[in-house]
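Written below as structure tokens is the structure these notes are about.
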Amino acid sequence: MKIKTDIYLGDTNEQIKLLPENSVDLIVTSPPYADQRKTTYGGIHHAKYVEWFLPISEQLLRVLKPKGTFILNIKEKVVNGERSTYVMELILEMRKQGWLWTEEFIWHKKNCYPGKWPNRFRDAWERLLQFNKNRKFNMYQEEVMVPMGQWAKSRLKNLSETDKIRDISKVGSGFGKNISNWIDRDKAYPTNVLHLATECNNKNHSAAFPEGLPEWFIKLFTKEKDTVLDPFMGSGTTLIVANRMMRHSIGIDIVPEYCEMVKKQIKPVELYLFESKAEYEKTEYDRCITVC
Ligand SMILES: C[S@@+](CC[C@H](N)C(=O)[O-])C[C@H]1O[C@@H](n2cnc3c(N)ncnc32)[C@H](O)[C@@H]1O
Numbered sequence: 001m002k003i004k005t006d007i008y009l010g011d012t013n014e015q016i017k018l019l020p021e022n023s024v025d026l027i028v029t030s031p032p033y034a035d036q037r038k039t040t041y042g043g044i045h046h047a048k049y050v051e052w053f054l055p056i057s058e059q060l061l062r063v064l065k066p067k068g069t070f071i072l073n074i075k076e077k078v079v080n081g082e083r084s085t086y087v088m089e090l091i092l093e094m095r096k097q098g099w100l101w102t103e104e105f106i107w108h109k110k111n112c113y114p115g116k117w118p119n120r121f122r123d124a125w126e127r128l129l130q131f132n133k134n135r136k137f138n139m140y141q142e143e144v145m146v147p148m149g150q151w152a153k154s155r156l157k158n159l160s161e162t163d164k165i166r167d168i169s170k171v172g173s174g175f176g177k178n179i180s181n182w183i184d185r186d187k188a189y190p191t192n193v194l195h196l197a198t199e200c201n202n203k204n205h206s207a208a209f210p211e212g213l214p215e216w217f218i219k220l221f222t223k224e225k226d227t228v229l230d231p232f233m234g235s236g237t238t239l240i241v242a243n244r245m246m247r248h249s250i251g252i253d254i255v256p257e258y259c260e261m262v263k264k265q266i267k268p269v270e271l272y273l274f275e276s277k278a279e280y281e282k283t284e285y286d287r288c289i290t291v292c
């Protein structure tokens, strides 16, 4: 079978309508933030942001499979000295559309720029909002487990009696924990904070994801041969990573140069996908790129 990469040039609001319903397993995207990067690819006024995004999220709801996931990377800007509320308004409106706001991950930007502001500190994190169509969605948690680390050895050595019994969470989540279950384990489940540096050496795009960001969500929410969509593709980080991980991918961008750039970038990925030509030849996979 072929691992496909489809690139659509144009306005997402229109191009997304070409995709069939219930056809995508994971959407990972970072849309233009309100009023930012006007000079490169336009910006949407913060007061109009929700109105602009809702027809797009309605289409994303249509194309996502019932057990699929949508990860939206966004951060509210500061307007007149206070944080704008459009992200919160967007969440509320998307819930009315039928989305479940299932989780919020934090992207901690390990290498944010130094700076000084009179009334706030350096902004070192962004939101990664998780939306789903249903409470039950595909999630492959074992794929993102992390090493326990040295701290666990000392912490787990001196457990109290209450640590050893099943403790129904005090925050009312309904989840229980028995910490002693984790003694002698090598790996633990991660937290919902992702510590990743922003991309510095990239790719002729001013706002590219670090590759580790889509990679983590692709591992967590998809398996090989699933389909990943980035409706604001930019330099194509999501597609490039998806392709390398044997997932089909679809990207949309309004800037022709970005579409051309991604087309060129996907090809070299093919070259180092397989250890040897023999290994490549014996696999059923192939690569193809369609530019629409
Ligand atoms: C924040 S960047 C995405 C960067 C991407 N995550 C990467 O790793 O390179 C947002 C992208 O959305 C594109 N864009 C802005 N408005 C758009 C629209 N209406 N339709 C399609 N693409 C759009 C821009 O050209 C830009 O490349």
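Under the UniProt record's numbering, the first residue of the sequence shown carries the number 1, and numbering increases by one thereafter. C-beta: ideal position from N, C-alpha, C; glycine also.
Rounded to whole angstroms, what's the CA-CA distance from residue i to residue j? Just pull it up for me.
| i | j | result |
| --- | --- | --- |
| Leu159 | Lys225 | 44 Å |
| Leu79 | Gly236 | In the sequence as presented, Leu is not what sits at residue 79; that position holds Val. Taking the straight line joining both Cα atoms gives about 30 Å. |
| Thr12 | Glu161 | 56 Å |
| Val228 | Ile3 | 11 Å |
| Arg135 | Lys116 | 42 Å |
| residue 341 | Asp184 | Because the chain here runs from 1 to 292, residue 341 falls outside it and cannot be looked at. |
| Lys187 | Met148 | 5 Å |
| Glu199 | Phe209 | 6 Å |
| residue 345 | Ala207 | No statement about residue 345 is possible, as the shown extent of the chain runs from 1 to 292 and does not include it. |
| Met233 | Gly251 | 5 Å |
| Arg120 | Pro114 | 13 Å |
| Ser84 | Ile44 | 13 Å |
| Val269 | Ile27 | The pLDDT assigned to Val269 is 44, lower than 50, so where the model puts this residue is not dependable, and the model offers no usable value. |
| Asp286 | Phe221 | At Asp286 the pLDDT is 49, less than 50, meaning the model places this residue with poor confidence; the figure from the coordinates comes in the next sentence. Rounded to the nearest angstrom, the two C-alpha atoms are 23 Å apart. |
| His46 | Trp99 | 22 Å |
| Gln150 | Ile16 | 47 Å |
| Val87 | Lys96 | 14 Å |
| Tyr8 | Trp182 | 47 Å |
| Glu14 | Val146 | 40 Å |
| Leu64 | Pro118 | 43 Å |
| Gln59 | Arg244 | 27 Å |
| Tyr140 | Met261 | 32 Å |
| residue 293 | Lys157 | With the chain represented from 1 up to 292, any question about residue 293 goes unanswered, as that position is not in the structure. |
| Glu257 | Ala152 | 48 Å |
| Ile205 | Lys263 | Rather than Ile, the amino acid found at residue 205 in this sequence is His. Roughly 15 Å between the two C-alpha positions. |
| Ala34 | Glu89 | 13 Å |
Any heavy atom of ligand 1 closer than 6 Å to the beta-carbon of residue i?
| i | result |
| --- | --- |
| Val228 | no |
| Ser249 | no |
| His205 | yes |
| Pro55 | no |
| Thr85 | no |
| Asp25 | no |
| Ser180 | no |
| Gly234 | yes |
| Asp253 | yes |
| Thr69 | no |
| Phe217 | no |
| Ser30 | yes |
| Ala188 | no |
| Thr237 | yes |
| Phe105 | no |
| Ala208 | yes |
| Thr222 | no |
| Tyr49 | no |
| Tyr258 | yes |
Looking at the secondary structure, which residues open and close the beta strand (DSSP E) in which residue i lies?
| i | result |
| --- | --- |
| Thr238 | No beta strand (DSSP E) holds Thr238; the alpha helix (DSSP H) holding it covers Thr237 to Arg244. |
| residue 365 | A question about residue 365 goes unanswered here, because the residues of the chain that appear run from 1 up to 292. |
| Val255 | Here Val255 belongs to no beta strand (DSSP E), and DSSP marks it neither H nor E. |
| Asn73 | Leu64 to Ile74 |
| Ile44 | Here Ile44 belongs to no beta strand (DSSP E), and DSSP marks it neither H nor E. |
| Val193 | Val193 to Leu196 |
| Val144 | That residue, Val144, is in no beta strand (DSSP E); it is neither H nor E in DSSP. |
| Leu9 | Lys2 to Leu9 |
| Phe105 | Leu100 to Lys109 |
| Ile183 | Premise fails: Ile183 is in no beta strand (DSSP E) and is neither H nor E. |
| Asp25 | Val24 to Thr29 |
With residue i as the anchor, note down where its alpha helix (DSSP H) starts and where it stops.
| i | result |
| --- | --- |
| Phe217 | Gly212 to Phe221 |
| Thr12 | Thr12 to Gln15 |
| Thr87 | Inspection of the sequence shows that residue 87 is occupied by Val rather than by Thr. Per DSSP, Val87 belongs to the alpha helix (DSSP H) from Tyr86 to Gln97. |
Going by CA-CA distance only, name the one from the options that's closest to residue i.
| i | options | result |
| --- | --- | --- |
| Leu61 | Ser30, Val50 and Asp25 | Asp25 |
| Lys223 | Ala197, Val144, Ile266 and Leu156 | Val144 |
| Glu93 | Lys75, Asn111, Val63 and Pro55 | Pro55 |
| Val255 | Thr5, Asp6 and Gly10 | Gly10 |
| Ile91 | Tyr8, Leu239 and Val50 | Val50 |
| Arg155 | Glu21, Cys259 and Ile179 | Ile179 |
| Ser30 | Gln59, Ile74, Pro20 and Glu21 | Ile74 |
| Lys110 | Phe217, Glu76, Ala197 and Asn138 | Ala197 |
Would you say residue i touches ligand 2, meaning its beta carbon is less than 6 Å from a heavy atom?
| i | result |
| --- | --- |
| Thr12 | Among the ligands present in this structure, namely ligand 1, ligand 2 is not found. |
If we count Cβ pairs, one from each stretch, closer than 8 Å, do we get three or more for the region 120-136 versus the region 58-71? Short answer: they touch.
If contact is defined by three or more beta carbon pairs under 8 Å, each pair taking one atom from either stretch, is the region 113-127 in contact with the region 212-222? Put simply, the region 212-222 does not touch the region 113-127. Fewer than three CB pairs are less than 8 Å apart.
Below 8 Å, how does it come out for the region 189-196 and the region 92-112: are there three or more Cβ pairs, yes or no? Because the criterion of three Cβ pairs below 8 Å is met, the region 189-196 and the region 92-112 touch.
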